[in-house]
Amino acid sequence: VASLEPLPPKFHTLTADVGHWTHPTTGEQQNFMVIVDEGSRLDTTLRPAEDPEAIQGLKQLMSKMVQTEKDVNAEELLSTAVSVFNQREMVRGFSPTQHVLGVSPDATGQCVKLPGSEDAGTILNSPVEDFRREAELRAAAEKALAEWNAQQRIQRALNSRSRPDCVYQPGDLVYFWRTQESNKSKKQPGTNQGRFLGPARVLAMETRQDAEGQRRPAHAIWCVRGRSLIKCSPEQLRPASQREELVEALTDQTSTPWTFTRLVEEVGGNQYQDVSAEVPSAEEWARAQDPRQEIQPARHRITTKRPATDVSQGDPEMDEGQEVAIDVPQSRRGLETMTRDLQNYFVGALKRKAVEVSERRLSPADRERFQEAKSVEVRNFIAAQAFEALPDELKPSREQAVGMRWILTWKVRDDGGVKPKARAVLLGYQDPSYEHRSTTSPVMTRQTRQLMLQLAANKRWRLMKGDVSGAFLQGRAYPSELYCIPCDEICQAMGLAPGSITRPKRACYGLVDAPLEWYKTVAEFLSSLGFERLWSDSCAWMWRKDGVTRGMISGHVDDFLFGGRDDDEEWQGILKKIQERFKWGDWDKDQFTQCGVQIETTSQGFTLSQPKYAEGVEAINLSSSRRSMRKAPTTDLEKSKLRALLGGLSWHAQQVAPHVSAEVGLMLSEVNHSTVETIVKANLLLEHTKARKDHKMLITRQEGETHFYAWVDAANQNRIDGGSTQGIFIGASSEALLKGEVAAISPVSWHSTRIDRVCRSPGAAETAAAVNGEDTLYYVRYQWSEMVYGKPDLRNPDLSVAKVPGCVITDSRNVYDKLATAMFSINGAEKKANIELMGLKAAQECTGVLLRWVHSEAQLANALTKAQEHKELELYYRMQHQWRIVEDAEMKSARKRKNEGLEPLQQTSSEGSK
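So for the sequence shown, the numbering used here puts the first residue at 28; every next one is plus one.
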């Protein structure tokens, strides 16, 4: 590609520019100024200033040289790159160095001294000691320069191709070239180069008559954009791409008019713009369509709802269908998840999409399916007699009645398919007495679930699970005064006119007190059957005969657990009455899922697991560039995703995975000050959790009297904000554990949480953990006493707690020594901690709680205070949920025991040694 533009004389015109470059290895920021002689094109840092890509060429040479020699400093790289450009660039058959000095440097970089020539030493680089190293560096630079020149020639050749001659028709969507924008010429302050504007609509084309008398298009095309009429030449226009046409069609604005009638109405007046003289050059045309060089148009999010499209009427054709599109994940982890189980991934993606369906957008076939689902829901309302018709004289004004609406969703079946589900709900927020109604409804706690499983294992009960279908409609009569306007389908089934005002007789879905009314219904019915509700958990009921516990029921809204013997005829009769009183959906036994936890019956008790839960927790996707910025702070969006990820893992840890608790708790405290490194660690924790998705928690039968043990530990100031962490693990076992034997332990409660107050020393943190651990143990003993021995004395709960043996196990010598004395004394600097410890000393006297000391590697709660250090729990899992209280009269530390060759659970005393 040749240029006819003449060059100025040598040493007459100088140009300057500024470059910025970052060293790939050291990260050093290098700024340099470019000074170029336009006549010879000799420069200290750059190629001719007329080449807009010159700065990039220099940077490319420097980057290529770094790949050859990583330890070269930026100054040497810059000097070598400039030297190669000056000696290898060809300008009118000679290099810039030859133009100025008259000769080229030799292999050593020196110029031969000729008579009359100037000293070249001040211009060229001086020779270095390591000639081989400099030669290799220069060779890499020359190779990079050759590649760069070839790349630029190819780019200029592509830009110089002739543009296709497009034939435009009225109504075509086009973009037009402008060398000015916002009434500022490119030679004036503002934009410094032209660009394509649009979209515009071709309105008309001027014609001319050729020599043969034929009418042909002239060089003037009239376009309209908004209220502007624009005259363009064909060389200025380019057709809109398919994406640009689609974006224009999806906007909520009125489409651009292109008829003359609409033009008169929209544009008005007789003014127009003539921009036909602004024809872009070939380079500008190519540059403006290169997304790497041209600023891309901003995308606008439509914040208002688009008008609904009309559903086609008539018979559907064979090629019509409903498309359900799920985006293919872009990350490697996402692709692995999808290819591992495509059906499960597709179902999960459908769940994450908006589940509510718009009936107006349904196909005729789907609309018919949802009509059937609506009919089922209407029959449920009619069968439950949920509404009472009112005579006209008793009907209030419509302002006092709440409305009703349908919620249509696709429900995922067990086989992976979907089925339509219709739910009619009252608009409870319209209730005039909304703020005066009770909304708190109890649910079963995790501790109640664990204790019920332990009791069922000890008594060899059959455990069953039932799910009430349409629970709220089976509740008691609604006691409050309320009026409602049911859906038209319900009014029609009741024989009422649409929009009739009725009185609800059941606590229907949508009312704020509906869960509480359902709970009261269940509580009243179970009380009539002779069940006793626990004071320690309002959602647990015990059935006793002659002082002997023979059955138990616990509930979580409409999911219930039943425990009793198969050969107990009275218990089986009670179950039959319960099944007859309510309409049940599922009724499972031995293996079922309750509140997301899979429970299986074994010969020794039960197992709890969540094999599919972790697969549904999504990792946080990070690009490679973002992942490399480990110390960069997270954005608000990343913080939100981090909370969601850690929240999902936290629930899994609370249900069946104590080994995840500590790391999740510590990461949650880092969210407000998190970095990209925190996200990487959270993703890694998720991968480790998924790798152990088949982990099972064991509930083992305990022979004889059940004892409860609390392992307590603390880590002082191990959180990012200086807070301390406490670990509490409470398990149920037999008396054999107190004798130093290895015994099975069923997990009952476990916590890895922040200590509420600031701890000034490790001793203060251990004290707080011991006090809080005994407090949790007190509640566990109280509930077990109520379940086994009956109603407690609420005014003297210590009597009930004392019936259940309990033990606190610590690895703190400070805590143990103070509590092992006959009389407790307050001394030392930690006065507040000592006063708190007096409560544990009082518990020893009032409830008979025991105290044991173990070394740190025999402390189960140690794994609940430190991240990535849960070897104690791993050993506990490998031993099939068995452990030992290690007796050591000398109270040796774990380090000293290890030096002596003792295993973590090896006894040192002769008593119970194994």
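We treat Cβ as the ideally placed atom computed from N, Cα and C, and that holds for glycine.
Looking at the backbone, the Cα of Val775 and that of Trp910 are separated by about 15 Å. Pro197 is the residue among Pro197, Arg222 and Glu239 whose C-alpha sits nearest the C-alpha of Ile248.
Between the segment 572-581 and the segment 516-536, the count of Cβ pairs shorter than 8 Å is below three; the stretches do not touch.
Taking Ala689 as reference, the option from Phe112, Glu899, Val403 and Arg159 with the minimal CA-CA separation is Glu899. According to the DSSP assignment, Val739 belongs to no alpha helix (DSSP H) but to the beta strand (DSSP E) extending over His734 to Ala742.
Using a C-beta cut-off of 8 Å, the segment 870-884 makes no contact with the segment 653-670, since fewer than three inter-stretch Cβ pairs fall below that distance.
Judged by beta-carbon spacing, Arg746 lies beyond the 9 Å limit of Arg787, meaning their Cβ atoms are not closer than that value. Non-local beta-carbon contacts of Gln57 in its own chain, meaning distances under 6 Å to residues more than five positions away in sequence, involve Trp48 and Ala101 in chain order. Beta-carbon to beta-carbon, Ala796 and Ile755 are separated by about 7 Å, close enough to satisfy the 8 Å threshold. The shortest C-alpha to C-alpha distance from Pro638 to any of Arg165, Ala411, Val194 and Ile626 is the one to Ile626. Met814 and Ala567 have their C-alpha atoms some 9 Å from each other.
Taking a C-beta distance under 9 Å as the contact criterion, Ile836 and Trp738 qualify as a contact pair.
A straight line joining the alpha-carbon of Lys91 with that of Ala168 spans about 7 Å. With distances taken between CA atoms, Met60 lies nearest to Ala43 out of Leu649, Arg314, Ala43 and Arg924. The residues Val306, in chain order, have a CB closer than 6 Å to that of Glu262 in the same chain once the five nearest residues on each side in sequence are set aside. For Gln753, the enclosing beta strand (DSSP E) stretches over residues Thr752 to Ser760. By the Cβ rule, the segment 750-766 counts as touching the segment 882-898, because three or more pairs are nearer than 8 Å. DSSP places Trp568 in the uninterrupted beta strand (DSSP E) bounded by Ala567 to Lys572. The continuous alpha helix (DSSP H) containing Thr794 extends over residues Pro789 to Tyr816.
Counting other Cβ atoms within 10 Å of its Cβ, Glu544 reaches 16 or more and is therefore classed as buried.
Beta-bridge annotation (DSSP): Gln481 is not paired with any residue.
Of the residues assessed, Lys492 falls on the buried side of the cut-off, its CB having 16 or more other CB atoms within 10 angstroms. Residues of the same chain with a CB within less than 6 Å of the CB of Phe589, apart from the 5 flanking positions on each side, are Met491 and Ile580 in chain order. Straight-line measurement puts the Cα of Tyr904 at about 34 Å from the Cα of Arg654. Between Ile726 and Ser773, the CB-CB gap stays under 9 Å. In the three-state reduction of the DSSP assignment, Arg119 falls in the coil class. Ser636 carries a strand assignment under DSSP once its states are collapsed to helix, strand and coil.
Its Cα nearest to that of Tyr510, the residue Phe414 stands out among Phe414, Met694, Glu462 and Tyr536. C-alpha of Lys859 to C-alpha of His882: approximately 26 Å in a straight line. Under the DSSP assignment, Met865 falls in the alpha helix (DSSP H) whose first and last residues are Lys858 to Cys873. Short of 8 Å from the beta carbon of Arg165, and not among the five residues preceding or following it, lie these beta carbons of its own chain, in chain order: Thr107, Ser110 and Val111. In terms of Cα proximity to Glu271, the closest of Tyr843, Gln477 and Ala227 is Ala227. Within the same chain, and ignoring the five residues on either side of Arg265 in sequence, the residues whose Cβ sits closer than 6 Å to its Cβ are Tyr202.
As computed with DSSP, Gln57 is found in a beta bridge with Trp48. Within 10 angstroms of the beta-carbon of His722 lie 16 or more other beta-carbons, which makes it buried.
For Lys258, the enclosing beta strand (DSSP E) starts and ends at Ser255 to Cys259.
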